[in-house]
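Visitor:
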Amino acid sequence: MSLRTFTPAEANRTLPLVKRIVGDILATAAELRQIGETLRRGGVDQQDALDRAHPLQHRVHELIEELGRIGCDYKDWGFEMGLVDFPGFLDGQPVLLCWRSDEPAVAWYHAPDAGYAGRRRIPADLLQEGT
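Residue numbers for the sequence shown, in our numbering: 2 to 132.
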């Protein structure tokens with residue numbers, strides 16, 4: 002987890018950049034899945050598939066590291082939802098502000114040990130600037 006913490010407003014201000022990065026992660030992962038499917042069907046030479054997959058795997062790794070430099074953590078290892086956590090505090094308690102790539106804003110959180118299934122909506126008054 003990152004050492005940086007975010008308010009909900011700060012996390013939302015990063016979203017234009019985070020959305021682009023997550024979009025690139027999901028698109029690159031889709032290319033990797035396509036190569037894997039083609040390989041399983043026997044439609045491509047194995048070495049050719051590996052040669053095409055390696056730079057894509059490296060790109061995904063670089064993009065995830067870029068999110069880490071922003072201070073957030075990529076959590077969707079199935080590469081389908083584009084799930085990102087932003088470390089933060091709500092009412093003095095450590096939480097992970099949680100965003101999914103199909104959501105317009107960071108509006109959910111969960112306890113660090115609760116995971117995605119424990120998501121709760123951030124109270125509206127805490128979504129305001131400076132909270």
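All residues carry an ideal CB built from backbone N, CA and C; glycine is no exception.
According to DSSP, what are the bridge partners of Tyr110?
Guide: Leu98 and Arg121
Visitor: Along the chain, where does the beta strand (DSSP E) containing Gly89 start, and where does it finish?
Guide: Leu84 to Leu91
Visitor: In this structure, what does DSSP give as the bridge partners for Asp199?
Guide: As displayed, the chain neither begins before 2 nor continues past 132, which places residue 199 out of reach and without an answer.
Visitor: Expressed to the nearest angstrom, what Euclidean distance is found between the alpha-carbon atoms of Pro113 and Ala31?
Guide: Whole-angstrom Cα-Cα distance: 29 angstroms.
Visitor: Please work out which residues of its chain come closer than 6 angstroms, Cβ to Cβ, to Ala12, disregarding the five sequence neighbours upstream and downstream, and give them in chain order.
Guide: Closer than 6 angstroms at Cβ, skipping near neighbours: Phe87, Leu98 and Val107.
Visitor: Got a sec, what are the start and stop residues for the alpha helix (DSSP H) Thr8 sits in?
Guide: Neither: Thr8 is in no alpha helix (DSSP H) and is coded neither H nor E.
Visitor: Is it buried or exposed, Arg21, if we count other Cβ atoms within 10 angstroms and call 16 or more buried?
Guide: exposed
Visitor: Write down the C-beta distance between Ile36 and Leu64 rounded to the nearest angstrom, noting that I regard them as a contact closer than 8 angstroms.
Guide: At roughly 17 angstroms, the Cβ-Cβ gap does not stay under 8 angstroms, so Ile36 and Leu64 are not in contact.
Visitor: If you draw a straight line from the C-alpha of Ala115 to the C-alpha of Phe90, how long is it?
Guide: Whole-angstrom Cα-Cα distance: 15 angstroms.
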